[in-house]
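A.B. asks: Numbering (full-length UniProt numbering), first residue to last: 1 to 244.
Below is the structure:
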C-alpha cells in the first residue's frame, strides 16, 4: 500500500473520533446518570404501585383493633397514670368506633374491630377514657393493632413501568455508543476497506509489470553481451588463420 493509501484511513478515523469527542460528556456522564435515575424511580414506582394493588387482595392490610378495659381495670389504671388521660363521650365517637367499643365490651378478649371511619385514631393510640351512653361507667380504651394498607396511588405501577423502560433504553444507548469504534460495522468503512484492497491489487499488478519489463531489459542486455562476445571470437579466429 502506498503512503497516500496509508494516510486516508487515518484521516477518516480522526474525523470520526472528533465527532465522538464532542458527545463524550453526554454519553459518559449525563445519559448514564439519567438512565440510573429513571431505573431507580421505575423500580420504586413498580414495587409500591404493584403492592398497593396486591396487598388488599391477599389480606395484607386489616382494620384496626381497639381494646376496652373493664371499669375496675380502668379505675386501677387511672390511679396509676393520673388525670392526664383524655376523656371522650360515647356519643362523640363515629359510628364505626361506637360499634367497636360495644364489640370489645362483649368480647372475652376485650377487643373490637373498627370497620369504617376512625376519626379519633390519635386519641385511641395515646389511650382514652370513654364514658356515658351505652358504655355506662368510664372505660379505658386504646389501639391494640393496626395494619394499614399502603397509601400509594395505583397509577404508580404504569408510571414505574414506563420509567423502567426509559432507563433500560438509555443504558442500551450508552452501551451501543461506548462500544469500541474499531469493532463496529460501517458501510463507509467497508467501502474504504474494499477500496484499499483494490488499490493494493492495482499496485501489485503494476509491480509485476515493472518486474517483467526489467526482466526483458536484462534479457536484451544478456543477448547483446553474448553477440559481442561471439563477434570477438570470430575476429580472433580470422586473425589466426591469416597469420598461418
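Every residue gets a Cβ at the ideal spot worked out from N, C-alpha and C, and that includes glycine.
Just mark residue 172 as buried or exposed, buried being the case when its beta carbon has 16 or more other beta carbons within 10 Å.
C.D. replies: Position 172 of the chain shown, counted from the first residue, corresponds to residue 172. With fewer than 16 Cβ atoms within 10 Å of its Cβ, residue 172 is classed as exposed.
A.B. asks: Nearest-angstrom Cα distance between residue 107 and residue 87?
C.D. replies: For the purposes of this step, residue 107 is identified with residue 107 of the chain shown, where counting begins at 1. For the purposes of this step, residue 87 is identified with residue 87 of the chain shown, where counting begins at 1. Here the alpha carbons of residue 87 and residue 107 stand approximately 22 angstroms from one another.
A.B. asks: Quick one: give me the first and last residue of the beta strand (DSSP E) that residue 142 is part of.
C.D. replies: Residue mapping note: residue 142 aligns to position 142 of the chain shown, counting from 1. From DSSP, the beta strand (DSSP E) with residue 142 extends over 139 to 147.
A.B. asks: For residue 1 and residue 170, what's the separation of their Cα atoms in angstroms?
C.D. replies: As a first step, residue 1 is located in the chain shown; it is residue number 1 there, counting from the start. As a first step, residue 170 is located in the chain shown; it is residue number 170 there, counting from the start. Low confidence applies here, because residue 1 scores a pLDDT of 45, under 50, leaving its location unreliable; read the following figure in that light. Whole-angstrom Cα-Cα distance: 42 angstroms.
A.B. asks: Need the endpoints of the beta strand (DSSP E) that residue 111 sits in, please.
C.D. replies: Within the chain shown, the letter at position 111 stands for residue 111. Residues 111 to 113.
A.B. asks: Which whole-angstrom value describes the C-beta separation of residue 113 and residue 100, a residue pair presumed to lie in contact below a C-beta threshold of 8 angstroms?
C.D. replies: Working through the chain shown from its first residue, we reach residue 113 at position 113. Working through the chain shown from its first residue, we reach residue 100 at position 100. 6 angstroms between Cβ atoms; contact.
A.B. asks: Along the chain, where does the beta strand (DSSP E) containing residue 64 start, and where does it finish?
C.D. replies: Counting from one through the chain shown, the residue named residue 64 turns up at place 64. 62 to 68 is the span of the beta strand (DSSP E), which, as asked, contains residue 64.
A.B. asks: Is it the case that the Cβ atoms of residue 69 and residue 139 are separated by a distance below 8 angstroms?
C.D. replies: Against the chain shown, residue 69 aligns to sequence position 69. Against the chain shown, residue 139 aligns to sequence position 139. Yes. Within cutoff.
A.B. asks: Roughly how many whole angstroms lie between the Cα atoms of residue 64 and residue 75?
C.D. replies: In the chain shown, counting from the first residue as 1, residue 64 sits at position 64. In the chain shown, counting from the first residue as 1, residue 75 sits at position 75. About 25 angstroms.
A.B. asks: Rounded to whole angstroms, what is the Cα-Cα separation between residue 146 and residue 26?
C.D. replies: If you number the chain shown from 1, residue 146 lands on position 146. If you number the chain shown from 1, residue 26 lands on position 26. Taking the straight line from one Cα to the other gives about 49 angstroms.
A.B. asks: For residue 126, count neighbouring C-beta atoms within 10 Å of its own C-beta (all shown protein chains included) and say buried if the count is 16 or more, exposed if not.
C.D. replies: Taking the first residue of the chain shown as 1, we reach residue 126 at position 126. So residue 126 counts as exposed.
A.B. asks: Report the three-state DSSP secondary structure of residue 162 (helix, strand or coil).
C.D. replies: One-based indexing of the chain shown puts residue 162 at position 162. In the structure shown, residue 162 sits in a helix (DSSP, three-state: H, G or I).
A.B. asks: Between 56, 143, 79 and 176, which has its C-alpha nearest residue 110's C-alpha?
C.D. replies: Reading the chain shown from its first residue, position 110 is the one you call residue 110. Ranking the options by Cα distance to residue 110, first place goes to 143.
A.B. asks: Starting from the Cα of residue 72, find the closest Cα among 136, 164 and 93 and give me that residue.
C.D. replies: Start at 1 with the first residue of the chain shown, and residue 72 comes out as number 72. Comparing alpha carbon positions, the residue from 136, 164 and 93 closest to residue 72 is 136.
A.B. asks: Do you know offhand how far residue 115's Cα is from residue 102's?
C.D. replies: Here residue 115 corresponds to residue number 115 of the chain shown, with the count starting at 1. Here residue 102 corresponds to residue number 102 of the chain shown, with the count starting at 1. Going from the Cα of residue 115 to the Cα of residue 102 covers about 13 angstroms.
A.B. asks: Whether or not the stretch 92 to 99 and the stretch 149 to 160 are in contact is what I'm after, with contact meaning three or more pairs of Cβ atoms, one per stretch, closer than 8 angstroms; do they touch?
C.D. replies: no
A.B. asks: Buried or exposed: which applies to residue 33, given that a residue is buried once 16 or more other Cβ atoms fall within 10 Å of its Cβ?
C.D. replies: In the chain shown, the residue the question calls residue 33 occupies position 33. Residue 33 comes out exposed.
A.B. asks: Sort 62, 164, 133 and 176 by Cα distance to residue 36 and report the nearest one.
C.D. replies: In the chain shown, residue 36 corresponds to position 36, counting from 1. Nearest C-alpha to residue 36: 164.
A.B. asks: Can you tell me whether residue 105 is helix, strand or coil according to DSSP?
C.D. replies: Residue mapping note: residue 105 aligns to position 105 of the chain shown, counting from 1. Residue 105: helix per DSSP, three-state reduction.
A.B. asks: Quick one, are the C-beta atoms of residue 154 and residue 53 less than 8 angstroms apart?
C.D. replies: Taking the first residue of the chain shown as position 1, residue 154 is located at position 154. Taking the first residue of the chain shown as position 1, residue 53 is located at position 53. Taking C-beta atoms as the reference points, residue 154 and residue 53 count as a pair closer than 8 angstroms.
A.B. asks: Tell me the rounded alpha-carbon separation between residue 31 and residue 38.
C.D. replies: Working through the chain shown from its first residue, we reach residue 31 at position 31. Working through the chain shown from its first residue, we reach residue 38 at position 38. Cα to Cα, residue 31 sits roughly 11 angstroms from residue 38.
A.B. asks: For the alpha helix (DSSP H) containing residue 129, name the first residue and the last one.
C.D. replies: Residue numbering aside, residue 129 sits at position 129 when the chain shown is read from its first letter. Where residue 129 is concerned, there is no enclosing alpha helix (DSSP H), although the beta strand (DSSP E) it sits in stretches over 128 to 131.
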